[in-house]
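Some notes on the structure that comes next.
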Amino acid sequence: MGEAGDSLPTKPTTSSVTIGSSLIPIINKMQDILAPVASGSELSKISLPQVAVVGSQSSGKSSVLEALVGRDFLPRGCDICTRRPLVLMLENRPPNPAQDAAQTEWGEFRHLPGKRFYDFTSIRREIQAETEREAGLNKGVSDKQIRLKITSPNVLNMTLVDLPGITKVPVGDQPSDIESRIRKMIMGHIRQENCIILAVTPANADLATSDALQLAREADPTGFRTIGVITKLDIMDRGTDASKFLLGKVVPLKLGYIGVVNRCQEDINKNRSIAAALAYEDKFFRNNPVYSSLSDSCGIPQLARKLNQILEHHIRIVLPGLKAELNSQMNAIYKELQTYGKVMESKTDLGATLLNILSKYCEAFTAMLDGKNPEMLTKELSGGARIQYIFQSIFVKSLQEVDPCDDVTDNDIRTAIQNASGTRDALFVPEVPFEVLVKREIARLLDPSLQCLRFVYEELVKISRTCEVTELQRFPVLRMRLDEVMVNFLRDGAQPAERMIENLIEMEADYINTSHPNFLGGNRAAEIAMHELKSPQYSDGLTSLKGALQGSPSQLNNNKPVSGGSTKTWLPFFGNRTSSEGSPDSRSFGDQNHSQSMPSVIQLREPPSILRPIEVTEHKAVEIVITKLLLRSYYDIVRKNIQDLVPKAIMHFLVNLTKRSLHRTFIQKFYRENLFEELLQEHDAFVLKRKHIQELLPVLEQSLQTLEKVEFDVSCRTSSFGTDASTELPRITRISPPHQQYLTTSGEMSQSRYHSSSRSFVTNTTA
Numbered sequence: 001m002g003e004a005g006d007s008l009p010t011k012p013t014t015s016s017v018t019i020g021s022s023l024i025p026i027i028n029k030m031q032d033i034l035a036p037v038a039s040g041s042e043l044s045k046i047s048l049p050q051v052a053v054v055g056s057q058s059s060g061k062s063s064v065l066e067a068l069v070g071r072d073f074l075p076r077g078c079d080i081c082t083r084r085p086l087v088l089m090l091e092n093r094p095p096n097p098a099q100d101a102a103q104t105e106w107g108e109f110r111h112l113p114g115k116r117f118y119d120f121t122s123i124r125r126e127i128q129a130e131t132e133r134e135a136g137l138n139k140g141v142s143d144k145q146i147r148l149k150i151t152s153p154n155v156l157n158m159t160l161v162d163l164p165g166i167t168k169v170p171v172g173d174q175p176s177d178i179e180s181r182i183r184k185m186i187m188g189h190i191r192q193e194n195c196i197i198l199a200v201t202p203a204n205a206d207l208a209t210s211d212a213l214q215l216a217r218e219a220d221p222t223g224f225r226t227i228g229v230i231t232k233l234d235i236m237d238r239g240t241d242a243s244k245f246l247l248g249k250v251v252p253l254k255l256g257y258i259g260v261v262n263r264c265q266e267d268i269n270k271n272r273s274i275a276a277a278l279a280y281e282d283k284f285f286r287n288n289p290v291y292s293s294l295s296d297s298c299g300i301p302q303l304a305r306k307l308n309q310i311l312e313h314h315i316r317i318v319l320p321g322l323k324a325e326l327n328s329q330m331n332a333i334y335k336e337l338q339t340y341g342k343v344m345e346s347k348t349d350l351g352a353t354l355l356n357i358l359s360k361y362c363e364a365f366t367a368m369l370d371g372k373n374p375e376m377l378t379k380e381l382s383g384g385a386r387i388q389y390i391f392q393s394i395f396v397k398s399l400q401e402v403d404p405c406d407d408v409t410d411n412d413i414r415t416a417i418q419n420a421s422g423t424r425d426a427l428f429v430p431e432v433p434f435e436v437l438v439k440r441e442i443a444r445l446l447d448p449s450l451q452c453l454r455f456v457y458e459e460l461v462k463i464s465r466t467c468e469v470t471e472l473q474r475f476p477v478l479r480m481r482l483d484e485v486m487v488n489f490l491r492d493g494a495q496p497a498e499r500m501i502e503n504l505i506e507m508e509a510d511y512i513n514t515s516h517p518n519f520l521g522g523n524r525a526a527e528i529a530m531h532e533l534k535s536p537q538y539s540d541g542l543t544s545l546k547g548a549l550q551g552s553p554s555q556l557n558n559n560k561p562v563s564g565g566s567t568k569t570w571l572p573f574f575g576n577r578t579s580s581e582g583s584p585d586s587r588s589f590g591d592q593n594h595s596q597s598m599p600s601v602i603q604l605r606e607p608p609s610i611l612r613p614i615e616v617t618e619h620k621a622v623e624i625v626i627t628k629l630l631l632r633s634y635y636d637i638v639r640k641n642i643q644d645l646v647p648k649a650i651m652h653f654l655v656n657l658t659k660r661s662l663h664r665t666f667i668q669k670f671y672r673e674n675l676f677e678e679l680l681q682e683h684d685a686f687v688l689k690r691k692h693i694q695e696l697l698p699v700l701e702q703s704l705q706t707l708e709k710v711e712f713d714v715s716c717r718t719s720s721f722g723t724d725a726s727t728e729l730p731r732i733t734r735i736s737p738p739h740q741q742y743l744t745t746s747g748e749m750s751q752s753r754y755h756s757s758s759r760s761f762v763t764n765t766t767a
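For the sequence shown, counting from 1, position 273 maps to 273 in our numbering; every step adds exactly one.
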């Protein structure tokens with residue numbers, strides 16, 4: 001094979017153009033459709049069939065890619081050259097006889113749409129420049145792709161992704177984590193199920209420890225998606241060969257191995273053409289006694305044919321799943337677009353949108369209260385159920401646990417009874433101490449009642465912020481104003497509820513209805529008290545009660561004993577009697593004689609500033625028991641009233657009022673034409689998201705239309721032929737899992753049918 005310029009020596013014949021000539025370009029077209037909008041969006045998750053080229057630095061990746069293209073176009077050097085993923089789409093296009101031969105091959109970059117590069121040296125410079133624009137001038141890497149499409153009559157259709165070479169040690173000013181960055185980037189591509197892995201390993205390295213094969217095994221443990229390429233077969237030590245590797249006896253791969261011969265650095269320095277290199281490769285394999293018998297596993301033409309066939313067959317397998325994924329993405333994006341709403345231009349649209357939001361908000365609030373929320377929680381209470389819990393499990397239960405006599409001692413009751421008796425002992429239990437004590441206990445019910453109101457108010461505020469409709473996220477001003485109006489509305493509703501609760505407590509305290517049918521009454525209380533006093537337990541308790549209450553008079557009344565000679569005498573209202581210490585001159589003689597015969601004056605203790613009752617009789621004990629019984633009986637009546645009426649007051653003045661009047665209040669506050677534009681100012685993020693989604697929808701529609709055309713072509717071809725004449729692949733009648741398909745076709749045929757097809761390719765391209 002002699003040198004024939006800077007291209008492949010001959011063009012593929014018609015027989016070599018497989019069904020991939022229609023399938024692979026369509027996938028490339030989808031790459032072009034999705035690429036501009038896929039980055040950073042949901043479409044980035046869509047995995048299109050392609051071949052990822054993986055290998056360590058200086059493994060020969062660049063030489064393999066350039067040989068497949070037939071042109072020198074990749075940056076080269078002793079350090080890392082590929083620092084961004086290069087998506088290389090090869091498109092076979094027969095030459096136009098009327099076209100200049102120099103313009104039959106060209107390259108196009110996605111970032112320079114419409115510009116064709118006929119000079120492949122310019123393509124290399126643009127790759128370098130674009131790499132530096134994104135990854136900088138140092139040796140750092142970036143996962144942002146460079147997309148290059150090469151159109152030529154000398155290539156077979158396929159999509160290749162050239163990934164940065166695996167490195168171990170940072171060099172120069174590379175970051176210290178360069179290895180982990182590159183590995184992460186590579187794994188992000190080859191883990192995708194629709195990715196064919198092209199693992200490149202030099203023949204002068206140990207295949208068992210190949211970095212490329214180790215990464216491929218991690219991403220593709222079964223080896224169904226991995227093709228091995230062994231480069232530099234011509235520089236192996238004499239007496240050694242790679243036959244065991246090529247036959248898959250060392251590291252088996254279902255898709256097999258292809259061995260190639262690369263241009264050496266001297267060839268590159270001397271500008272030896274790729275066509276000449278391919279001729280040398282063909283001669284090397286034909287003249288080598290080992291490799292000549294493995295011609296179907298050797299050479300760049302065999303690799304091109306095999307990649308083309310595997311990729312088109314893989315596309316046929318994944319088409320249904322890819323279409324389903326695109327449909328799913330389209331439905332999801334359409335639903336998302338609905339949440340962003342339409343752009344409103346007229347006052348009518350603004351008003352209708354505002355009314356719709358206000359109505360939905362009120363409906364959602366009412367549904368939360370009534371337990372009709374369509375997104376009902378199953379792990380915790382929410383909405384109206386929380387308010388019911390506050391009423392029954394917090395308010396009612398807390399009041400039920402209160403004993404009105406807990407903070408009233410027997411001594412307090414006895415003191416109150418004695419004070420109510422005045423200057424004489426009461427024959428019966430006086431009513432005044434009972435009323436005083438029961439009013440004090442009724443007053444204690446106010447605080448928990450108001451706390452219950454506060455709890456419900458706070459729950460309503462939480463519900464109002466939970467039930468915000470999706471549309472409100474678009475309009476931050478309206479959302480803020482709604483919250484303000486809602487809080488003020490609830491606060492206004494809480495005020496009459498608070499007044500009502502205060503009135504309820506005042507009503508109960510203002511009139512003690514001892515005629516209530518459920519009230520125990522004095523006679524019944526006296527009977528129970530006497531029965532309790534006769535019980536042995538109460539007798540023992542009464543004895544201890546007396547001892548505790550009586551004590552010593554000095555202790556009970558805080559009265560100190562009178563010191564002799566210092567006590568003041570009592571001055572009588574009648575007569576002019578003085579103490580015996582008066583002056584003798586002031587008394588008559590007769591008086592002196594009389595005073596000598598009179599006994600000494602009896603001195604009383606001064607009454608203390610605070611007096612407490614000191615005697616506990618059985619009668620007093622009965623009075624204490626009766627008072628307690630009456631207090632508990634009446635308090636229980638009032639407590640039941642409060643337990644019933646306070647929740648009713650809160651529901652009437654706050655909760656139900658909100659349900660009834662909220663929508664009307666919103667209309668009064670917001671539905672004014674001069675407020676429409678202010679309230680419905682959209683969040684900037686929503687405007688950008690809507691614009692982005694609107695860009696995605698036509699892209700997905702175009703992609704689906706493209707896939708439908710491909711499916712039609714495939715169905716027409718498979719219905720016309722039992723097998724594809726050029727690929728010798730069986731017609732697909734049902735869709736099996738990708739691994740199974742590879743096992744039954746690509747895996748088993750990689751050593752036979754693919755090789756027979758490859759032999760014809762070599763014949764056609766090297767004739």
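We put the CB at the ideal spot given by N, CA and C, even for glycine.
| Query | Result |
| --- | --- |
| Own chain partners of phenylalanine 676 with C-beta closer than 8 Å, once the 5 adjacent residues on each side are dropped | Lys347, Leu350, Gly351 and Leu354 |
| C-beta atoms of proline 404 and threonine 627 nearer than 8 Å | no |
| Straight-line gap, serine 583 to arginine 605 (C-alpha atoms, nearest Å) | For serine 583, the predicted model reports a pLDDT of 48, less than 50, meaning its position is unreliable and no value from the coordinates is stated. |
| Unbroken stretches of the beta strand (DSSP E), 3 residues or longer, contained in the stretch 173-233 | 195-202 and 226-231 |
| DSSP three-state assignment for leucine 743, whether helix, strand or coil | The predicted model places leucine 743 with a pLDDT of 35, which falls under 50 and marks its position as unreliable; any figure quoted below should be read in that light. In this structure, leucine 743 counts as helix in the three-state DSSP scheme. |
| Among Thr415, Ala367, Val622 and Leu253, the one whose alpha carbon lies nearest that of threonine 222 | Leu253 |
| Whether threonine 201 touches glycine 165 by CB criterion (8 Å) | no |
| Paired residues, beta bridge with valine 54 - DSSP | Ala199 |
| Three-way DSSP call (helix, strand, coil) for alanine 144 in this model | Note that residue 144 is lysine in the sequence shown here, rather than alanine. The answer is coil: DSSP assigns lysine 144 none of H, G, I, E or B. |
| Beta strand (DSSP E) segment containing aspartate 162, residue limits | 158-162 |
| Reduced DSSP category for arginine 272 - H, G, I as helix; E, B as strand; rest coil | coil |
| Rounded separation between proline 175 and serine 58 - CA only | 20 Å |
| Alpha-carbon to alpha-carbon, phenylalanine 284 and alanine 277 | 10 Å |
| Coarse secondary structure for histidine 755, derived from DSSP in three states | With a pLDDT of 36 at histidine 755, under the threshold of 50, the predicted position of this residue should be treated as unreliable, though the coordinate-derived value follows. Three-state DSSP puts histidine 755 in a helix. |
| Contacting residues, own chain, Cβ-Cβ under 7 Å from glutamine 192 (five flanking each side not counted) | Ser47 |
| Reduced DSSP category for glycine 256 - H, G, I as helix; E, B as strand; rest coil | coil |
| Contacting residues, own chain, Cβ-Cβ under 8 Å from valine 469 (five flanking each side not counted) | Ile357, Lys360, Tyr361 and Ala364 |
| Identity of the residues DSSP links to glutamate 91 by a beta bridge | Thr151 |
| Cutoff 8 Å; reference leucine 700; Cβ partners in own chain excluding five residues on either side | Leu43, Leu326, Gln329, Met330 and Ile333 |
| Given 8 Å, three or more beta-carbon pairs between the stretch 81-96 and the stretch 141-150 | yes |
| Under the three-state DSSP convention, the category arginine 624 falls into | Strictly speaking, residue 624 in this sequence is isoleucine, with arginine absent from that position. Correct three-state label for isoleucine 624: helix. |
| Beta-bridge pairing of glycine 107 - partner residues as DSSP gives them | Phe117 and Ile150 |
| Beta bridge counterpart(s) of cysteine 298 as assigned by DSSP | Gly259 |
| Straight-line Cα distance separating arginine 286 from proline 301 | 14 Å |
| Pair within 8 Å by beta-carbon distance, leucine 629 and isoleucine 512 | no |
| Short Cβ contact (8 Å threshold) for glutamate 498 with leucine 450 | yes |
| Alpha carbon of aspartate 237 to alpha carbon of asparagine 204, nearest angstrom | 8 Å |
| Between the CA atoms of arginine 116 and phenylalanine 109 - distance to the nearest angstrom | 8 Å |
| Secondary structure of leucine 680, DSSP reduced to three states | coil |
| Proximity below 8 Å, CB of leucine 445 to CB of isoleucine 642 | yes |
| Residue from Val646, Val343, Asp206 and Arg440 with nearest C-alpha to leucine 504 | Val646 |
| Sequence-distant residues of the same chain with beta carbon closer than 6 Å to glutamine 681, five excluded per side | Val477 |
| Contact check, methionine 158 vs leucine 74, beta carbons under 8 Å | no |
| Cβ-based neighbour list, alanine 208, same chain, cut-off 8 Å, excluding 5 preceding and 5 following | Val250 and Val251 |
| Given glycine 60 as reference, the closest of Ala212, Ser243 and Cys452 once Cα atoms are compared | Ala212 |
| Backbone secondary structure at leucine 729 - three-state DSSP | Note that leucine 729 has pLDDT 34, beneath the 50 cutoff, so the model's placement of it is unreliable and no number is given. |
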